[in-house]
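For the sequence shown, the numbering used here assigns the number 209 to the initial residue and increments by one for each residue that follows. Note that CB positions come from ideal geometry on N, CA and C, so glycine has one too. Please read all numbers here as calculations on a predicted model, not as lab measurements.
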Amino acid sequence: MEDSLRNKVYIDIKWTTLAKVGVFFLLVFVIYKLRAILVFIFLAYIIAVTIAPLAYRLRKKKIPFALSVLIVYVLVFLGIGAIFAIISQPLIEQTTSLTDSVPTIIANIQNLLVNLKETFPILGGLVGNITDQNSQDFANLIVNSVGSLLGSVGGIFGFFFSIFNSVLAVFLILVMAYYMVVDKESNQERLTMLFPEDLRDTVRKTIENINNQLGAWVRGELFLMIIIGTLSYIGLVIFGVPYALPIALLAAFLELIPNIGPVITFVVAILMTIGSGGSLVATIGVGIWFVLIQQFENWFIVPKIMGKVVGLSPLMVILAILAGAELYGIFGALLAVPIVTIGTIIFNSYNDRRQMLKKSSNDKSKK
């Protein structure tokens, strides 16, 4: 009798487990099939949490909330349109010129390495391998590196254009973002009602935390990109470096990669200065300028702007970007950090609740 009961319990647990696994894989399958729609929803959500605080500020000035959101839309589109109108033509011209000048840039860098070899014989082995034995490999390395970096900027622009080249896609994303902001409270309450009653307060706090932190991260990154891109452009123009605009845009987008991004920008700026025939003074000046930008960012901008954002370690951000890029290219790299940020906030919320319940249980046991 006991053996039969044990077998029955074992079978019940087994089928329950299988059912849960089946539901999980079904959910994954549905998400995969609906991934295009989910991308639109997620982009709309990112837009919503980014612009919501601006709309709330306008509402405080006695402007109807729905109208406040529309005003923010208009201001954002005017700003984006103005930026593209200013930089599009010179960006195309400088990028084309840079592509045509790659052989000259390579030759100038190789000449510098030869001069270094003659001036500092101790570097003869290293420099000799680059300039003599593997000169063609070195040329290919430079060409591929420059092409990849320029391609990353072009790929990011291409990604957004591929999404927004459809009027319907733009309309759907903006309409979804609009209603996510305007109906924020009711939408969150509907989502909260899907959970057991004892979890609803935690879910509400978690959703609000995600909205605040993700919105702060997006606004902070956009601000950092604008500041770093502008400062980079100013420095490159001051020291007479050609192709200042593509390099500055690259510096702006590489702000998404902590620690490594600024280092790549520094190396590219130095190589472009040398390769375009810049003087020693210009090369040193560019190097110092980018070091100062990095210090200014680390000591003043990041603590002030990004201080309220969930603390993701640089390693976690880099791994997330690499994984996202490997899975879905530029698109995956761009959305990796927001997704990891949301996951981190949910995990922290779960962990806090678990600790609270554990503490409450210990207090009751003591009584």
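Specify the secondary structure class of residue i as computed by DSSP and reduced to three states.
i: D391; result: coil
i: S343; result: Caution is warranted here: a pLDDT of 49 is assigned to S343, below 50, making its placement in the model unreliable, and the coordinate value is therefore given only provisionally. Note: S343 maps to helix in three-state DSSP.
i: K567; result: helix
i: K241; result: helix
i: M401; result: coil
i: V449; result: coil
i: N506; result: helix
i: I435; result: helix
i: G485; result: coil
i: S305; result: helix
i: P311; result: helix
i: V466; result: Residue identity check: residue 466 is Pro in the sequence provided, not Val. Note: P466 maps to coil in three-state DSSP.
i: S557; result: helix
i: S440; result: helix
i: L320; result: helix
i: L520; result: coil
Can you give me the C-alpha to C-alpha distance between residue i and residue j, rounded to a whole angstrom?
i: G448; j: G289; result: 28 Å
i: F555; j: V411; result: 12 Å
i: P522; j: F285; result: 32 Å
i: L462; j: P470; result: 7 Å
i: V229; j: L242; result: 20 Å
i: L213; j: T224; result: Because the pLDDT at L213 is just 49, under 50, the model does not fix this residue reliably, and the value given afterwards should be weighed accordingly. The straight-line gap from Cα to Cα measures roughly 17 Å.
i: V282; j: L380; result: 16 Å
i: Y240; j: V310; result: 42 Å
i: F237; j: T258; result: 30 Å
i: A274; j: V247; result: 25 Å
i: F508; j: V476; result: 24 Å
i: M384; j: A531; result: 28 Å
i: L439; j: I478; result: 16 Å
i: S568; j: L407; result: 16 Å
i: K566; j: Y558; result: 12 Å
i: I291; j: N395; result: 34 Å
i: E301; j: I314; result: 20 Å
i: Y218; j: A227; result: In this predicted model, Y218 has a pLDDT of only 48, less than 50, meaning its place in the structure is not dependable; the value taken from the coordinates is given anyway. About 14 Å.
i: G540; j: F233; result: 22 Å
Taking only heavy atoms of the ligand ADP into account, decide whether any of them is closer than 8 Å to the Cβ of residue i.
i: V390; result: In the structure on display, the ligand ADP does not appear, and there are no ligands present to speak of.
To the nearest whole angstrom, what separates the beta carbons of residue i and residue j, a pair I think is in contact under 8 Å?
i: M524; j: V548; result: 7 Å
i: L299; j: L430; result: Their Cβ separation, rounded to whole angstroms, is 19 Å, which puts L299 and L430 out of contact at 8 Å.
i: I260; j: K392; result: Position check: residue 260 holds Ala in this sequence, whereas Ile was assumed. Yes, A260 and K392 are in contact; Cβ-Cβ is about 7 Å, under 8 Å.
i: V390; j: V277; result: 6 Å
i: N417; j: I553; result: 5 Å
i: L464; j: G437; result: So it is not a contact: roughly 12 Å between Cβ atoms.
i: A533; j: V545; result: Not quite, the Cβ-Cβ distance comes to about 12 Å (not below 8 Å), so this is no contact.
i: S296; j: Y451; result: Not a contact, Cβ separation roughly 16 Å.
Exercise. Indicate whether the contact test is met: 3 or more Cβ pairs, each with one atom in the region 475-484 and one in the region 303-322, closer than 8 Å.
Key: Segments in contact, yes.
Practice problem: Just list the alpha helix (DSSP H) runs in the region 227-301, keeping only unbroken ones of 4 residues or longer that don't cross its boundaries, in chain order. | Solution: Uninterrupted alpha helix (DSSP H) stretches at least 4 residues long and entirely within the region 227-301 occur at 243-267, given in chain order.
Quiz item: Within the chosen definition, does the region 265-274 reach the region 393-410 through at least 3 CB pairs nearer than 8 Å?
Solution: A contact is defined here as three or more CB-CB pairs under 8 Å, and the region 265-274 fails this definition with respect to the region 393-410.
Practice problem: Pair every Cβ in the region 493-503 with every Cβ in the region 440-460, then say whether three or more of these pairs are closer than 8 Å. | Solution: Under the 8 Å Cβ criterion, the region 493-503 counts as touching the region 440-460, having at least three qualifying pairs.
Quiz item: So does the region 418-425 actually touch the region 253-260, counting three or more Cβ pairs closer than 8 Å?
Solution: Contact between the region 418-425 and the region 253-260 is present, because at least three Cβ pairs lie under 8 Å.
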